[in-house]
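> Right, I'll just put the structure down here and ask away after.
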Amino acid sequence: MRRSRFLINTLKETPKEAVVVSHVLMMRTCMIKQLASGIYTLMPLALRSVRKIEAIIREELDRAECQELSMPMVQPAELWTESGRWQAYGKELLRFKDRKENGYCLGPTHEEVITDIARREIRSYKDLPVNLYQIQNKFRDEIRPRFGLMRGREFLMKDAYSFDVDEETCNASYWSMYEAYKRIFTRCGLTFRPVEADSGAIGGSFTHEFHVLAGSGEDEILSCNNCDYAANVERAELASVSAAAAPSADATAPQEVHTPAKRTIEDVAAFLETTPDQCVKTLVFRAGDQIVGASLMGHRELNEAVLRGRLDVAEMDLVTDAATFEKHGLCPGFMGPINWPEDVPLFVDEEVMGRETVVTAGNKADYHLTGVIPARDIKATEVMTLRSARAGDACPRCNEGAYESFRGIEVGQVFKLGTKYSQSMNATYLDAEGKEQVMVMGCYGIGVTRTMAAAIEQNHDKDGIIWPVQIAPFHVALLNLDVKDDEVNEACEAIFKGLRSAGAEVLIDDTPLRPGPKFKDADLIGLPIQVKVGSRSLKQGNIEVKVRKTGERRTVPLAGAVEEVLGLLNELGWNASPGQV
RNA sequence: CGGGGAGUAGCGCAGCCUGGUAGCGCAUCUGUUUUGGGAACAGAGGGUCGCAGGUUCAAAUCCUGUCUCCCCGACCA
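Its first residue numbered 16, the first sequence is counted upward by one per residue in our numbering.
This is the structure we're talking about:
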């Protein structure tokens, strides 16, 4: 493709609405154009990369014996009423009516449609298992679309659905997809982690999320450095802490210490010449119409979701108003589990009870207590796991490793659905005894456009994108530095044809710009290999090759240029056969 | 939905307070000179100032309403 014929207007300046790197770089390279909030046109450059990702997905799913189909994006309300989601899905489901006043929605996902297909077409256990997938635009009316393609309202998704005769074969389908996903993201040239996730409302099932690791990721992931366990920090399990032994009868009582104006854990710890992990902090929340306290060690963060779940409330806020503190005799900045007001339930993290002695506040202005023995002194309404896991915590699975922390972008999820939809929509088959059975389902999603955004989040530098070769829009940027020089033009043409006949995709910069802007643009667009042909080095019979990722430059004879580039592309993983990954 | 910010040329911005009919940089087009890490000069095109009312002799500017976009939070496959 000739740059002079390719629709791409790069920007020197960053459009002000873009705040994350993938959004900025996609705007600057003319990959996407915003039409409305969370709704984008994929320009030719972006679409080429999307097609590469799709091709990898198709190859790997075909290998896993999945079948591609295409379902309508517009779906009738009746199907959603049948599954119960017309009510349950909420405002994220974009609904509308046709001229006959019939209800429709734009598909945010396709469980209803695929289950309808399955119940019509699959009648016998001999027809199972089946795995059907599509790659299609989805629409979800997100509360707050943001970050370009990272969280759009309309986005390209691969969604697959498996149907099995029972739990056991469903598990096999699930793990087959899990393995396919690992191959897909590996082949996309991405660094990722499969992460255990919470099955949420659908009890008894299991699910994994696939996260591309990137510092800008929205999710924090904890991963064991010894075994395979990895989980979103919100639901990472913790090794339980056993309570400390009861103290001897003659153990000393807590000592009251004057700590004027030392309100934060850091201040108190510093003042008392100790560390936050020796001090107990206590927070007070309003959950509905009740006030509750929560105590945990000072270096910990409270897992609010756990406390909300325990209290069975959807919302919970930190208490900040003086009136409430006063009403319960609480002293902000000096709240502790000792002398705790009886009318306020107090939940204490088990880690606190595992300590022999701790420092706490004493519910008295400007005073803390040292030498508090939790087993003797703290009267908890309930001891439970309130703390969030964090890097360094022992792994609860293997009991040998410790957690490491990563930031990740969720690009895929595999989910064992069980019979949620097959039950409600009556998707059944006849087993070998002629008895009617409910199919067992799984669903499997990959955010294709989000994967592309995540690839950029993970692979860029200050100059621009650094495309993994497998999903790069083109493989080579061929820069003609002197379009008025016939020899340079001929050399470019020869390299262009040579690379193309070897299967490499080349974007040849044949514009009459000066070399400087061409170099800047090539770095910005970030194709894996740059080939620079100019009259200066061509006089010596040479051209220059640069590897975008490493910055390495080689001067090579024109005659060997094509071979050199192909070699470098292969080193970068181009044409790696699927079996090698 | 709560809080904050912004809509003026394709992009980035100034002008608004103090009303007088729109400007700068980049980009685009023409020409000349340049040509290996975002060139210089000369010229040109392009904007109903988000939209609708109102005040006024006169509105980008003041007032009212409204729409859109972005950020933080809540929420979320």
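Note that the Cβ used here is the ideal one computed from N, Cα and C, for glycine as well.
#1: So for Arg-465, helix, strand or coil by DSSP?
#2: May I have the straight-line CA-CA distance separating Ala-33 from Met-368, to the nearest angstrom?
#3: Within 10 angstroms of the Cβ of Val-89, are there 16 or more other Cβ atoms? Answer buried if so, exposed if not.
#4: Which one or two residues does DSSP pair with His-490 in a beta bridge?
#5: Using 10 angstroms around the beta-carbon of Glu-448, count the other beta-carbons present and answer buried if the total reaches 16, otherwise exposed.
#6: Starting from the C-beta of Val-398, find all residues in its chain whose C-beta is less than 7 Å away, skip the five residues before and the five after it, and write them out in chain order.
#7: Got a sec, what are the start and stop residues for the alpha helix (DSSP H) Cys-294 sits in?
#8: Between the beta-carbon of Ser-552 and the beta-carbon of Thr-526, is there less than 8 Å?
#9: With distance defined between alpha-carbon atoms, name the residue in Gln-555, Ala-576, Gln-545, Arg-208 nearest to Glu-567.
#10: I'd like the ranges of any alpha helix (DSSP H) spanning at least 4 consecutive residues and lying wholly in the stretch 418-465.
#11: Within the chosen definition, does the stretch 194-205 reach the stretch 373-389 through at least 3 CB pairs nearer than 8 Å?
#12: Any chance you could list the beta strand (DSSP E) runs of at least 3 consecutive residues sitting entirely within the stretch 239-280, in chain order?
#13: Alpha carbon to alpha carbon, how far is Tyr-196 from Val-39?
#14: Can you give me the C-alpha to C-alpha distance between Asn-247 and Arg-402, rounded to a whole angstrom?
#15: If you reduce the DSSP assignment to three classes, tell me which class Leu-587 lands in.
#16: State the DSSP-derived secondary structure class of Pro-59, mapped to helix, strand or coil.
#17: Using DSSP with H/G/I as helix, E/B as strand and the rest coil, what is Leu-121?
#18: Based on Cα-Cα distance, which residue from Leu-432, Gln-49, Gly-407 lies nearest to Phe-421?
#19: Look at Thr-25 and Leu-539 and say whether their C-beta atoms are less than 8 Å apart.
#20: Can we say the stretch 174-189 touches the stretch 464-473, given the rule of at least three CB pairs closer than 8 Å?
#21: Using the Cβ count rule (16 or more neighbours within 10 Å means buried), how would you classify Thr-464?
#22: Can you tell me where the alpha helix (DSSP H) holding Val-321 begins and where it ends?
#23: I think Glu-116 touches Trp-95, with their Cβ atoms under 8 Å apart; what is that distance to the nearest whole Å?
#24: Under 6 Å Cβ to Cβ from Pro-209, same chain only, skipping five residues before and after it: list those, please.
#25: Assign Pro-627 to buried or exposed, taking buried as 16 or more other Cβ atoms, counted over all protein chains shown, within 10 Å of its Cβ.
#26: With a cut-off of 8 Å, do at least 3 Cβ pairs link the stretch 230-250 to the stretch 45-56?
#27: Distance check for Arg-43 and Lys-27, CA to CA, integer angstroms please.
#28: Flag this pair as yes or no: are the beta carbons of Lys-431 and Cys-185 separated by less than 8 Å?
#29: In three-state DSSP terms, what is Leu-361?
#30: Which runs of the alpha helix (DSSP H) fall wholly inside the stretch 118-190 and span at least 4 residues, in chain order?
#31: Could you check where the beta strand (DSSP E) with Gly-531 kicks off and where it finishes?
#32: In whole angstroms, give me the CA-to-CA distance for Arg-301 and Glu-341.
#33: Going by DSSP, what residue range makes up the alpha helix (DSSP H) through Thr-339?
#34: Within 10 Å of its beta-carbon, does Met-297 have 16 or more other beta-carbons around it, so buried, or fewer, so exposed?
#35: Could you tell me which residues DSSP pairs with Met-399 in its beta bridges?
#36: Specify, as a first and last residue, the run of the beta strand (DSSP E) that Ile-544 falls within.
Reading off the structure:
#1: Counting from 1 along the first sequence, the entry for residue 465 is found at position 450. In the structure shown, Arg-465 sits in a helix (DSSP, three-state: H, G or I).
#2: Within the first sequence, the letter at position 18 stands for residue 33. Within the first sequence, the letter at position 353 stands for residue 368. Those two C-alpha atoms are separated by around 47 Å.
#3: For this step, residue 89 is matched to residue 74 along the first sequence. It is exposed - the Cβ of Val-89 has fewer than 16 other Cβ atoms within 10 Å.
#4: Here residue 490 is taken as the residue at index 475 of the first sequence, counted from 1. Answer is none; His-490 lacks a bridge partner.
#5: As a first step, residue 448 must be located in the first sequence, where it is residue number 433. Exposed: under 16 other Cβ atoms inside 10 Å.
#6: Indexing the first sequence from 1 puts residue 398 at position 383. Closer than 7 Å at the Cβ level, and outside the excluded window around Val-398, lie Val-363, Glu-365, Met-368.
#7: Residue 294 sits at position 279 when you count from the first residue of the first sequence. Neither: Cys-294 is in no alpha helix (DSSP H) and is coded neither H nor E.
#8: Position 537 of the first sequence, counted from the start, is the residue given in the question as residue 552. Position 511 of the first sequence, counted from the start, is the residue given in the question as residue 526. Not a contact, by the Cβ cut-off of 8 Å.
#9: Position 552 of the first sequence, counted from the first residue, corresponds to residue 567. Among Gln-555, Ala-576, Gln-545, Arg-208, the Cα nearest to that of Glu-567 is on Gln-545.
#10: 435-439
#11: no
#12: 245-247, 270-273
#13: Start at 1 with the first residue of the first sequence, and residue 196 comes out as number 181. Start at 1 with the first residue of the first sequence, and residue 39 comes out as number 24. Rounded to the nearest angstrom, the two C-alpha atoms are 28 Å apart.
#14: Within the first sequence, residue 247 is the residue found at index 232, counting from 1. Within the first sequence, residue 402 is the residue found at index 387, counting from 1. Whole-angstrom Cα-Cα distance: 14 Å.
#15: If you number the first sequence from 1, residue 587 lands on position 572. Three-state result, Leu-587: coil.
#16: Sequence index remark: in the first sequence, residue 59 carries index 44 (1-based). Three-state result, Pro-59: helix.
#17: Here residue 121 is taken as the residue at index 106 of the first sequence, counted from 1. Here Leu-121 sits in strand by DSSP.
#18: Looking up residue 421 in the first sequence gives position 406. Taking only the C-alpha atoms, the option nearest Phe-421 is Gly-407.
#19: Counting from 1 along the first sequence, the entry for residue 25 is found at position 10. Counting from 1 along the first sequence, the entry for residue 539 is found at position 524. Closer than 8 Å, so yes.
#20: no
#21: Residue numbering aside, residue 464 sits at position 449 when the first sequence is read from its first letter. Buried: at least 16 other Cβ atoms inside 10 Å.
#22: Along the first sequence, read from residue 1 onward, the residue named residue 321 stands at position 306. Segment 319-326, the alpha helix (DSSP H) holding Val-321.
#23: If you number the first sequence from 1, residue 116 lands on position 101. If you number the first sequence from 1, residue 95 lands on position 80. That pair is no contact at about 16 Å.
#24: As a working note, residue 209 is residue 194 in the first sequence. The answer, listed in chain order, is His-223, Phe-225.
#25: Nothing in the structure corresponds to residue 627, since the chain is present only between 16 and 596.
#26: no
#27: Locating residue 27 in the first sequence gives position 12, where the first residue counts as 1. Locating residue 43 in the first sequence gives position 28, where the first residue counts as 1. Taking the straight line joining both Cα atoms gives about 7 Å.
#28: Walking along the first sequence from the start, residue 431 turns up at place 416. Walking along the first sequence from the start, residue 185 turns up at place 170. In this structure, Cys-185 lies closer than 8 Å to Lys-431 by Cβ.
#29: Mapped onto the first sequence, residue 361 falls at position 346. Three-state DSSP puts Leu-361 in a strand.
#30: 126-136
#31: What you label residue 531 is simply residue 516 of the first sequence in a count that begins at 1. Segment 530-540 is the alpha helix (DSSP H) holding Gly-531; no beta strand (DSSP E) there.
#32: In the first sequence, counting from the first residue as 1, residue 301 sits at position 286. In the first sequence, counting from the first residue as 1, residue 341 sits at position 326. The alpha-carbon atoms of Arg-301 and Glu-341 are separated by roughly 14 Å.
#33: Position 324 of the first sequence, counting from 1, holds the residue named residue 339. Thr-339 -> alpha helix (DSSP H) spans 337-342.
#34: Here residue 297 is taken as the residue at index 282 of the first sequence, counted from 1. The question names Met, yet the displayed sequence has Thr at residue 297. Label assigned to Thr-297: buried.
#35: Reading the first sequence from its first residue, position 384 is the one you call residue 399. DSSP output for Met-399 lists Asp-364 as bridge partner(s).
#36: To locate residue 544, count along the first sequence from 1; it is residue 529. Counting along the chain, the beta strand (DSSP E) containing Ile-544 begins and ends at 544-548.
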